[in-house]
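In our numbering, the protein residues as written are 216 to 713.
We treat Cβ as the ideally placed atom computed from N, Cα and C, and that holds for glycine.
Worksheet for the structure shown next.
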Ligand SMILES: [Zn+2]
């Protein structure tokens, strides 16, 4: 026993001092192998997990598999000795609702919808106040000298322009204040913080978009809508109104009467989170994310979701393994690194929203960067360039030049991919910068990269299967992310925001 102990000490002593950082790094990097990626992919995209719908037995098995992976690697949970972060969720149907404003009745769907639930409540003769665009920004505010406490706030969609026909906030470009879901969230958060009773957003596009969707899902055809089910995200009423009522709603002295009772079924599903603690700056965190869910079984067919998002999930498992190998050799990271698998992405980025907005397991303002992996194992048939060794890089330079540079260097030194930045534009019509889980980090000014290989013919089809992954380019992408994460965690200074 004692001898063994002594030998062990000697051995660890030697191993710490024999391997230089670059050797440890190289060894860890070389542990990312095609056969290991394949093995994990065939498991994660197998029928056993039944397409990992939220919620489902298959997804429960999948999260158990993920947690077990970290346990085997001796990478501990972030909090409470559990790898699981339960995310409160709910299915929503059309609420019981009737609305009358100053003797005028309004029709659900045609005139307005309840976009977000407030408490079940009878509103009686409440004051209505028109507050322009409902924006509060450094460069422009509608709330100056206005007290909206206890009032129903009415705002217009979009954002205003100045006399030169430029937007107040971003000049020639629209800002986050007119970006669909983000717009609604920002405007409602602002009104709620100001003490408003409820918010009405008047916007033709938003009303049409969501009344169509809600009507469809309420009819039972499209499957029920899913939203976060925690109290805090269900305590402020947001209505979307058709623009045909704009003039009426901007009149003075209107009275708001509404009966509201929501119709929801609550449940929960799990995020999975683990952490390697840093030694020098343990309170600075690099967070890797990949959504663990997919769309389940439809018409009797299992949607295995190998690319979406077995590819991001397995990439993270393999990266965690590479880090664990380096730790085993006595290496320690300067910063902490969090491995976060999120649920309910396919239902509206809900697992990551819950994490970022309601229960960050490590402080958001000490989270220095996010690397998000979603659909990164295939090739985009419409890219128009033959080289398969590429990856779309989205967001790297939007919030931080350092992050951009680190990713470029990691690629040059270790991955040798063609980095394709065509979607790296917040105004790109595909809106990829807002369409996966990194969104909930970038909205908090956390620099983020979304690694992505593009949409293809098997996207959200039962044919998105493990044998269709292109393992050589996929391996290089995994390496790129590993080395970028390594550098983020190990450099002397925290990356800077622009
Ligand atoms: Zn996805």
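Legend entry - Strand pairing of residue 600, partner residues [DSSP]: The residue labelled residue 600 in the question sits at position 385 within the chain shown. The secondary-structure analysis by DSSP pairs residue 600 with nothing; it has no beta-bridge partner.
Legend entry - Candidates 661, 346 and 587, of which the one nearest residue 614 by Cα: Residue 614 sits at position 399 when you count from the first residue of the chain shown. It is 661.
Inset, instruction - Go through its chain and collect everything with a Cβ distance to residue 352's Cβ below 6 Å, but skip five positions before and after it. - result: Along the chain shown, one-based indexing puts residue 352 at 137. Closer than 6 Å at Cβ, skipping near neighbours: 384.
Legend entry - Rounded separation between residue 478 and residue 565 - CA only: For the purposes of this step, residue 478 is taken as the residue at position 263 of the chain shown. For the purposes of this step, residue 565 is taken as the residue at position 350 of the chain shown. Roughly 19 Å between the two C-alpha positions.
Inset, instruction - Locate the beta strand (DSSP E) running through residue 454, then write down its first and last residues. - result: For the purposes of this step, residue 454 is taken as the residue at position 239 of the chain shown. Here the beta strand (DSSP E) through residue 454 covers 452-456.
Inset, instruction - Kindly indicate which three-state DSSP category residue 283 falls into: helix, strand or coil? - result: Numbered from 1 along the chain shown, position 68 holds the residue referred to as residue 283. Residue state, collapsed to three classes: helix.
Legend entry - Pick from 312, 669, 388 and 655 that is closest to residue 596, judged by C-alpha positions: By 1-based counting over the chain shown, the position of residue 596 is 381. Comparing Cα-Cα distances from residue 596 to each of 312, 669, 388 and 655, the minimum goes to 669.
Inset, instruction - Out of 416, 324, 512 and 642, point me to the one whose CA is closest to residue 261's CA. - result: Locating residue 261 in the chain shown gives position 46, counting from the first residue. Of the candidates 416, 324, 512 and 642, the one whose C-alpha sits nearest the C-alpha of residue 261 is 512.
Inset, instruction - Give the range of the alpha helix (DSSP H) segment to which residue 624 is assigned. - result: As a first step, residue 624 must be located in the chain shown, where it is residue number 409. Residue 624 -> alpha helix (DSSP H) spans 616-625.
Legend entry - Cβ neighbour criterion (16 or more within 10 Å) applied to residue 462: The residue you call residue 462 lines up with position 247 of the chain shown. That one is exposed.
Inset, instruction - Could you tell me if residue 237 is buried or exposed, where buried requires 16 or more neighbouring beta carbons within 10 angstroms of its beta carbon? - result: Taking the chain shown and counting its residues from 1, the one referred to as residue 237 is at position 22. Residue 237 should be labelled exposed.
Inset, instruction - Could you tell me if residue 265 is buried or exposed, where buried requires 16 or more neighbouring beta carbons within 10 angstroms of its beta carbon? - result: Translated into the one-based positions of the chain shown, residue 265 becomes position 50. Classification of residue 265: buried, given that the 10 Å Cβ count is 16 or more.
Inset, instruction - Determine the DSSP secondary structure at residue 516, reduced to helix, strand or coil. - result: Position 301 of the chain shown, counting from 1, holds the residue named residue 516. Three-state result, residue 516: strand.
Inset, instruction - Note down, one range per segment and in chain order, each alpha helix (DSSP H) of at least 4 residues found wholly within the region 353-408. - result: 395-408
Inset, instruction - Compute the Euclidean distance between the alpha carbons of residue 405 and residue 349, then round it to the nearest angstrom. - result: For the purposes of this step, residue 405 is taken as the residue at position 190 of the chain shown. For the purposes of this step, residue 349 is taken as the residue at position 134 of the chain shown. Whole-angstrom Cα-Cα distance: 8 Å.
Inset, instruction - Could you tell me if the beta carbon of residue 679 falls within a distance shorter than 7 Å of some heavy atom in ligand 1? - result: By one-based count along the chain shown, residue 679 stands at place 464. Checking the Cβ of residue 679 against ligand 1 gives no.
Legend entry - C-beta atoms of residue 290 and residue 491 nearer than 8 Å: For the purposes of this step, residue 290 is taken as residue 75 along the chain shown, with counting starting at 1. For the purposes of this step, residue 491 is taken as residue 276 along the chain shown, with counting starting at 1. For residue 290 and residue 491, yes; Cβs fall inside 8 Å.
Legend entry - Closer than 7 Å: residue 213 CB and nearest ligand 1 heavy atom: Nothing about residue 213 can be read from this structure; the chain reaches only from 216 to 713.
Inset, instruction - Report back the beta-carbon spacing between residue 633 and residue 604 to the nearest angstrom; my notes put them in contact at under 8 Å. - result: By one-based count along the chain shown, residue 633 stands at place 418. By one-based count along the chain shown, residue 604 stands at place 389. Right, their Cβ atoms sit about 6 Å apart.
Inset, instruction - Give a yes or no on whether the C-beta atoms belonging to residue 630 and residue 694 are separated by under 8 Å. - result: Translated into the one-based positions of the chain shown, residue 630 becomes position 415. Translated into the one-based positions of the chain shown, residue 694 becomes position 479. Yes.
Inset, instruction - Say yes only if the C-beta of residue 590 is nearer than 7 Å to one or more non-hydrogen atoms of ligand 1, and no if none qualify. - result: The residue you call residue 590 lines up with position 375 of the chain shown. Checking every heavy atom of ligand 1 against the Cβ of residue 590, one is found closer than 7 Å.
Legend entry - Segment contact flag, the region 567-575 with the region 670-687, C-beta cutoff 8 Å, min 3 pairs: For the pair of segments examined, the region 567-575 was found not to touch the region 670-687: the number of CB pairs separated by less than 8 Å stays below three.
Legend entry - Range of the contiguous beta strand (DSSP E) that encloses residue 481: Your numbering for residue 481 matches position 266 in the chain shown. First-last of the beta strand (DSSP E) with residue 481: 470-491.
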